[in-house]
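Inspection log for the structure reproduced underneath, given as structure tokens.
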Amino acid sequence: MQPDGYMSFVVRMWRDQPGGVWHGEVEQIQTGERWSFAVLAHLLDFLRLINTPA
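With our numbering, you'll find the sequence shown wraps up at 155, consecutive numbering, no jumps.
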């Protein structure tokens, strides 16, 4: 993923059952790439990582 000044994402979060663990998915709109996370903290880490200058 090469940022060129603008990135747009859809973040989806869900539970498989009431009171269950949150899961998540990030989709980059420009490329259609998707990343799935079984641990919500990993999704947040991913968003922080893509915002870190190389």
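Positions of the beta carbon are idealized from the N, C-alpha and C atoms, including for glycine.
For the beta strand (DSSP E) containing residue i, name the first residue and the last one.
{"i": "glutamate 128", "result": "123-129"}
By the DSSP assignment, the alpha helix (DSSP H) with residue i in it spans what residues?
{"i": "alanine 142", "result": "141-151"}
Can you tell me which residues form a DSSP beta bridge with residue i?
{"i": "serine 137", "result": "Glu126"}
{"i": "methionine 108", "result": "DSSP output for methionine 108 lists no bridge partner at all."}
To which residues of the same chain is residue i closer than 6 Å at the C-beta, ignoring the five residues directly before and after it?
{"i": "methionine 114", "result": "Trp123, Gly125"}
{"i": "aspartate 146", "result": "none"}
Going by beta carbon distance, what residues of the same chain come within less than 7 Å of residue i, once the five residues before and after it are set aside?
{"i": "serine 137", "result": "Glu126"}
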